[in-house]
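Participant: What the sequence shown shows, in our numbering, is residues 5 to 255, in sequence order. Here it is, the structure, as structure tokens.
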Amino acid sequence: RSAVAAGKVQLGEKRGEIVGHFKEGISMNTHPELIVMLTYNDVTVPQAAEVFAKCEHTRARYWGFKEAGLPFAEMRDLFARMKACGKQTCLEVVAYTEAECLRGAEMAAACGCDFLLGTVFSEAVNAYCRAHGLRYMPFVGQVTGRPSVLEGTAEEMVCEAKRCLAQGAYGIDLLGYRYTGDAPALNRALTAAVGPVCIAGSVNSYARLAEIRAAGAAYFTIGSAFFDHVFGDDFAAQIDAVCAYMEADHA
Numbered sequence: 005r006s007a008v009a010a011g012k013v014q015l016g017e018k019r020g021e022i023v024g025h026f027k028e029g030i031s032m033n034t035h036p037e038l039i040v041m042l043t044y045n046d047v048t049v050p051q052a053a054e055v056f057a058k059c060e061h062t063r064a065r066y067w068g069f070k071e072a073g074l075p076f077a078e079m080r081d082l083f084a085r086m087k088a089c090g091k092q093t094c095l096e097v098v099a100y101t102e103a104e105c106l107r108g109a110e111m112a113a114a115c116g117c118d119f120l121l122g123t124v125f126s127e128a129v130n131a132y133c134r135a136h137g138l139r140y141m142p143f144v145g146q147v148t149g150r151p152s153v154l155e156g157t158a159e160e161m162v163c164e165a166k167r168c169l170a171q172g173a174y175g176i177d178l179l180g181y182r183y184t185g186d187a188p189a190l191n192r193a194l195t196a197a198v199g200p201v202c203i204a205g206s207v208n209s210y211a212r213l214a215e216i217r218a219a220g221a222a223y224f225t226i227g228s229a230f231f232d233h234v235f236g237d238d239f240a241a242q243i244d245a246v247c248a249y250m251e252a253d254h255a
């Protein structure tokens, strides 16, 4: 906790003064925005800083990683480097108890992140995010394990998502392709009912990119697929290829 507290001091007063409504920050693009996650199997890779250094000039504007895998000081330094390069920053927290989720929110604030993705929604985490200028996008559905798996019905998740947004959450982090049911149908149902939605996890083909475009998600994450070179041999070239695909007119 001392390292997190030190990060909060360095963060200063500015972010603590940001409260309330965040909808003005939503991406205004007509295509879903890629969030590059420097993670593999839901854990931050040890070489995350080196990968970012080689890819910081790519077209991706949103970057992030998980709360597990790096020491806190390295997390804070990497997020600072991302911010210095003009990136929007995201910490995704795979946690299921309120205490763990709140700890993740504290880490995100101490690192100066723009977004907190993941966690199980709670009013305590929601209030903390609102008080510290974090755009909070919690999980919905029954999420378990690491790598995480999603269960539940689309109807239940739509209702849960609406409750989260009504209580002040910025958006929803939907583990669409970790779903044990019909993933494309779930993605369409959520994005039609609420927004913004980030489709996170196992986005590993151009077919799934096309489904995400068709669903109208605001954001999507790719991590492991880049490290598996699903979209090409070079890491930076993969990022640009995915961005170009999502920005292109496929009509």
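Even glycine gets a Cβ: it sits at the ideal position worked out from N, Cα and C.
#1: How about residue 238: is its C-beta nearer than 8 Å to some C-beta of chain D?
#2: So, for residue 128: in the same chain, excluding its five sequence neighbours on each side, which residues have a beta-carbon less than 7 Å away from its beta-carbon?
#3: Taking 7 Å as the limit between beta carbons, can you name the residues of its chain near residue 62, skipping five residues before and five after?
#4: Output the residue ranges of the alpha helix (DSSP H) runs that lie fully inside the stretch 119–181 and measure 4 residues or longer, sorted by chain position.
#5: Taking 8 Å as the threshold, find out whether the stretch 31–47 comes into contact with the stretch 215–228 through three or more Cβ pairs.
#6: Starting from the C-beta of residue 87, find all residues in its chain whose C-beta is less than 7 Å away, skip the five residues before and the five after it, and write them out in chain order.
#7: By the three-class DSSP mapping on this structure, what secondary structure does residue 56 have?
#8: For residue 98 versus residue 46, is the C-beta spacing smaller than 8 Å?
#9: Given residue 219, which residues of its chain have a CB within under 6 Å of its CB, disregarding the five upstream and five downstream residues?
#10: Using DSSP with H/G/I as helix, E/B as strand and the rest coil, what is residue 71?
#11: Is DSSP giving residue 235 helix, strand or coil here?
#12: Contact check, residue 144 vs residue 165 under 8 Å by CB: the rounded distance?
#13: Have a look at 58, 112, 150, 253 and flag the residue whose alpha-carbon is nearest the alpha-carbon of residue 84.
#14: According to DSSP, is residue 223 part of a helix, a strand, or is it coil?
#15: Is DSSP giving residue 1 helix, strand or coil here?
#16: Residue 202 by DSSP, collapsed to three states: which one?
#17: Look at the alpha carbon of residue 204 and the alpha carbon of residue 210, and state the distance between them as a whole number of angstroms.
#18: Could you pull the start and end residues of the alpha helix (DSSP H) that residue 194 belongs to?
#19: Do residue 189 and residue 208 have their beta-carbon atoms positioned less than 8 Å apart in this structure?
#20: Can you give the Cα-Cα distance for residue 136 and residue 126, rounded to whole angstroms?
#21: My understanding is that residue 163 touches residue 178, with C-beta atoms under 8 Å, so please give their C-beta distance in whole angstroms.
Facilitator: In terms of the structure at hand:
#1: Here chain D cannot be found, since the structure has a single protein chain.
#2: 102, 106
#3: 240, 243, 244
#4: 127–135, 158–170
#5: yes
#6: 93, 116
#7: helix
#8: yes
#9: 191, 192, 195
#10: coil
#11: coil
#12: 5 Å
#13: 112
#14: strand
#15: Residue 1 lies beyond the residue range present for the chain, which begins at 5 and ends at 255; the question has no answer from this structure.
#16: strand
#17: 15 Å
#18: 187–197
#19: no
#20: 16 Å
#21: With 8 Å as the limit, residue 163 and residue 178 do not qualify as a contact, their Cβ atoms being about 14 Å apart.
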